[in-house]
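Here this note's numbering is used: the sequence shown runs in plain steps of one and ends on residue 297. Here is the structure we will look at, set down as structure tokens.
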Amino acid sequence: MLNKRHLPSITALQCFEAVTRHLSFTRAAEELNLTQSAVSKQVAQLEELLQHLLFRRVRRRLQMTPAGDLYLVEVRKILTQVEMSTHYLRSYGGETEVLRVSTPSTFGARWLVPRLKGWRLRHPSIHLDLCNEQEADDLLQGRSDLAFYFGQGSRPGTECLKLFGEELVPVCAPGSLPDQPFTDPTQLTDLVLLQNASRPQAWHDWFDSQGYHTEHSYHGPRFETFYMCIRAAQVGCGVALLPRFLVEEELADGKLVIPWQHAMPSSDAYYLAYPEHAAEVPKVRDFVKWMLEQIDSPDLTPI
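What follows is the structure, encoded as structure tokens:
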């Protein structure tokens, strides 16, 4: 970690960023309500710290150096993050706690969000902050308080509650179906198999679970999220292999249909995890209790 003497001040970064926009120390000083010499001194100290010139004078006009252009990108990220963090904290009252919950994207939108209705009324002092980004060490590094994930129920340093399993079914738009019903599941390859990047083996395993094999099980456009697969299937791009619970609404509305009636149970399941040391933290305990009520499984225990 850098010594504090090697870290620039926020004031120096603000001075640098203002000068880059105006290409003038004088106008930057006016914006920041500082003297021209103060701004110039801050930038000079920054250049000394970086050991790179950030500006140069060409024909009595200020220009940025390549090093200045490079540094500006990072400085704007830093200043933007500081501004966002400040607004973030100011937006809550002194009694409000923030509960950070990470979740897979489609799972969060399709399953989790509808089950948060009423949370604010029961827990007005706990502000939920949901994010899609997930890293294996988010919980242990303190970037999230709880995390929903799909996989095996074992993560070092955490308690994991098994929520439910899933079964995968093929779905497509009604207009994608041929006039004659399928007599063989491998005929689905004629519709184009939509692939999900997080489940590259899914189609192969689905065919294999029925005793079939096709060389096309890995062929087809690849999508990063289940939501993309759902939309692609809806608009007729092909047939997607999806957890049934994620497409119940589309199946009920007739926007999607199941072209071959075979559901393959997944060996993994959905879990809610939190750090072992946070098990008795009130806001974590309240959220776990709420989730157990939503899935009507009060007998769930940590594993």
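In this text, a Cβ means the ideal position worked out from N, Cα and C, and glycines have one as well. Since the model is a prediction, treat every value here as computed from it, not as a measurement.
Legend entry - Residue nearest to Ser31 in terms of C-alpha spacing, selected from Glu68, Arg238 and Thr20: Thr20
Inset, instruction - Work out the CA separation of Asp173 and Gly248 for me, nearest whole Å. - result: 17 Å
Legend entry - Local conformation of Tyr86 per DSSP, three classes: Only weak support is given to the placement of Tyr86: the predicted model assigns it a pLDDT of 49, under 50, and the value that follows is read from those uncertain coordinates. The answer is coil: DSSP assigns Tyr86 none of H, G, I, E or B.
Legend entry - Backbone secondary structure at Lys156 - three-state DSSP: In the displayed model, Lys156 falls within a strand according to three-state DSSP.
Inset, instruction - Go ahead and pull the three-state DSSP assignment for Glu243. - result: helix
Legend entry - Spatial neighbours of Gln299 in its chain, beta-carbon cut-off 6 Å, leaving aside the 5 residues before and after: A query on residue 299 cannot be resolved here, the shown segment of the chain reaching from -5 to 297 and no further.
Legend entry - Three-state secondary structure assigned by DSSP to Phe144: strand
Legend entry - Per-residue burial, Gln8 [other beta carbons within 10 Å of its own, 16 or more giving buried]: buried
Inset, instruction - Entirely within the segment 28 to 70 and at least 3 residues each: give me those beta strand (DSSP E) ranges in chain order. - result: 49 to 52 and 55 to 58
Legend entry - CB of Trp254 within 7 Å of CB of Pro179, strictly: Remark: C-beta atoms of Trp254 and Pro179 approach each other more closely than 7 Å.
Legend entry - For Val229, three-class secondary structure by DSSP: Reduced to three states, the DSSP call for Val229 is coil.
Legend entry - Nearest-angstrom Cα separation, counted from Thr80 out to Tyr86: The pLDDT assigned to Tyr86 is 49, lower than 50, so where the model puts this residue is not dependable; a value taken from the coordinates is nonetheless given after this. For Tyr86 and Thr80, the distance between alpha carbons rounds to 11 Å.
Inset, instruction - Just mark Glu243 as buried or exposed, buried being the case when its beta carbon has 16 or more other beta carbons within 10 Å. - result: exposed
Inset, instruction - Could you spell out where the beta strand (DSSP E) holding Arg238 opens and where it closes? - result: Premise fails: Arg238 is in no beta strand (DSSP E) and is neither H nor E.
Inset, instruction - Indicate the three-state DSSP secondary structure (helix, strand or coil) for Ser331 in the structure shown. - result: Limits of the chain in this structure are -5 at one end and 297 at the other, which puts residue 331 out of reach.
Inset, instruction - Can you tell me which of the three DSSP states Tyr221 falls into? - result: helix
Inset, instruction - Please determine, among Cys231, Gln181, Leu185 and Arg225, the residue with the shortest C-alpha to C-alpha distance to His207. - result: Gln181
Inset, instruction - Return the chain-ordered list of same chain residues with a C-beta closer than 8 Å to the C-beta of Gln228, the five sequence neighbours on each side being excluded. - result: Ala167, Glu244, Lys249 and Leu250
Legend entry - Where the beta strand (DSSP E) containing Gln189 begins and where it ends: Residues Leu187 to Asn190.
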